[in-house]
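Have a look at the structure below, then the notes.
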Amino acid sequence: MIEKFVKKKLIRLANSSNVLKLWYMYHYIFHDKKLGNLGLDFTNKKSRLEIIQNIIDKKNYKTYLEIGCFDDELFNHINCERKVGVDPVSGGTIRETSDQFFKKNGENFDCIFIDGLHEYGQVKKDIFNSLNFLNNNGIILLHDCMPDSYYAQATPRCQWEWNGDVWKAIVECRNNKDLDVYTCYADYGIGVIFKRPNRNLLDYPKKNYSKLKFNEYFYNHKKLMNIIEYEELMKII
Ligand SMILES: C[S@@+](CC[C@H](N)C(=O)[O-])C[C@H]1O[C@@H](n2cnc3c(N)ncnc32)[C@H](O)[C@@H]1O
Numbered sequence: 008m009i010e011k012f013v014k015k016k017l018i019r020l021a022n023s024s025n026v027l028k029l030w031y032m033y034h035y036i037f038h039d040k041k042l043g044n045l046g047l048d049f050t051n052k053k054s055r056l057e058i059i060q061n062i063i064d065k066k067n068y069k070t071y072l073e074i075g076c077f078d079d080e081l082f083n084h085i086n087c088e089r090k091v092g093v094d095p096v097s098g099g100t101i102r103e104t105s106d107q108f109f110k111k112n113g114e115n116f117d118c119i120f121i122d123g124l125h126e127y128g129q130v131k132k133d134i135f136n137s138l139n140f141l142n143n144n145g146i147i148l149l150h151d152c153m154p155d156s157y158y159a160q161a162t163p164r165c166q167w168e169w170n171g172d173v174w175k176a177i178v179e180c181r182n183n184k185d186l187d188v189y190t191c192y193a194d195y196g197i198g199v200i201f202k203r204p205n206r207n208l209l210d211y212p213k214k215n216y217s218k219l220k221f222n223e224y225f226y227n228h229k230k231l232m233n234i235i236e237y238e239e240l241m242k243i244i
């Protein structure tokens, strides 16, 4: 009880505007290469709700898991026979972190949407835990894979509008011959992972993908992320 209270306070503190400003100064001075924005534009693109629901309907999926639900803006609107939502703070159906959930879970899912803690290390764990509980012919989707600027992906977080460095986990999976990985150009970038042979293997070996630099993404994002439009995604599922 006390632990939960302290955790909530710490999360609130980490996201307070003064703490975000301090981290912004830190990034500005030590890491920003002043590349500016990529100029990504998500207006007129499909929403994550449309994409996920259309996939569920087309594939006749019966089971949906959402990691990170917040205020259920998405979770409440997904139409699927069985829905499980995991979030340590709010929303969904299970009040746990994704790690706690996967440790005890005994259920498989057709569609898993990863949208919890947007930091590379946690996202990677969420992906590999999800793969263990994915039905054959299932799909893993991830939110926030296409940051538009250095600050939108910098960790520690330094601004309210933030995607985190989810993109690094996608680049790592793109190098895995047993995973077929794409990024749909919609709603801040929807990562797509199939458990099947990689159809467009990336040859970008790194000892530690958490050390990828934003300028690598800035100049090579189309290739690194295997970016596709919604229409193409619906053809390959
Ligand atoms: C961006 S919000 C999710 C938004 C929601 N999926 C949607 O589409 O509207 C991220 C959520 O992840 C939750 N979260 C943070 N760390 C988590 C973890 N380790 N496991 C699961 N959820 C986590 C936060 O509490 C927050 O509610």
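Residue 144 in our numbering sits at position 137 of the sequence shown, with consecutive numbering throughout.
All C-beta atoms in this analysis are idealised placements derived from N, C-alpha and C, irrespective of residue type, glycine included.
This one's a predicted model, so the numbers in the text were calculated from it and none came from an experiment.
Range of the contiguous beta strand (DSSP E) that encloses residue 89: Here residue 89 refers to the residue found at position 82 of the sequence shown. 89-93 is the extent of the beta strand (DSSP E) around residue 89.
Residue 45: which of 244, 241, 221 sits nearest, CA to CA? Counted from its first residue, the sequence shown places residue 45 at position 38. Nearest option by C-alpha distance: 221.
In angstroms with no decimal places, state the Cα-to-Cα distance between residue 198 and residue 59. Within the sequence shown, numbered from 1, the residue matching residue 198 stands at position 191. Within the sequence shown, numbered from 1, the residue matching residue 59 stands at position 52. Taking C-alpha positions only, residue 198 is separated from residue 59 by approximately 11 Å.
Are residue 121 and residue 147 close, meaning C-beta to C-beta below 8 Å? Taking the sequence shown and counting its residues from 1, the one referred to as residue 121 is at position 114. Taking the sequence shown and counting its residues from 1, the one referred to as residue 147 is at position 140. In contact: residue 121 and residue 147 (Cβ atoms closer than 8 Å).
Neighbour-count burial assignment, residue 226, 16 or more Cβ in a 10 Å radius: Locating residue 226 in the sequence shown gives position 219, counting from the first residue. Per the 10 Å Cβ criterion, exposed.
Under 7 Å Cβ to Cβ from residue 180, same chain only, skipping five residues before and after it: list those, please. In the sequence shown, the residue the question calls residue 180 occupies position 173. Residues of the same chain with a CB within less than 7 Å of the CB of residue 180, apart from the 5 flanking positions on each side, are 134, 186, 188, 200 in chain order.
Please report how far the alpha carbon of residue 182 lies from the alpha carbon of residue 212, in whole angstroms. By one-based count along the sequence shown, residue 182 stands at place 175. By one-based count along the sequence shown, residue 212 stands at place 205. Distance from the CA atom of residue 182 to the CA atom of residue 212, rounded to whole angstroms, is 7 Å.
For a test of your reading of the model: does the CB of residue 238 fall under 7 Å from any non-hydrogen atom of ligand 1? Yes or no. If you number the sequence shown from 1, residue 238 lands on position 231. No, the Cβ of residue 238 stays beyond 7 Å of every heavy atom of ligand 1.
Among residues of its own chain, excluding the 5 on either side of residue 95, which ones have a beta-carbon nearer than 7 Å to its beta-carbon? If you number the sequence shown from 1, residue 95 lands on position 88. Apart from sequence neighbours up to five positions away, the residues of its chain that approach residue 95 with a beta-carbon distance below 7 Å are 102, 103, 104, ordered along the chain.
Residues that residue 188 bridges to, as DSSP identifies them: Here the question's residue 188 lines up with position 181 in the sequence shown. DSSP output for residue 188 lists 200 as bridge partner(s).
Can residue 171 be considered in contact with ligand 1, in the sense that its beta carbon sits closer than 7 Å to one or more heavy atoms? Residue numbering aside, residue 171 sits at position 164 when the sequence shown is read from its first letter. Because no heavy atom of ligand 1 lies under 7 Å away, the Cβ of residue 171 does not count as near it: no.
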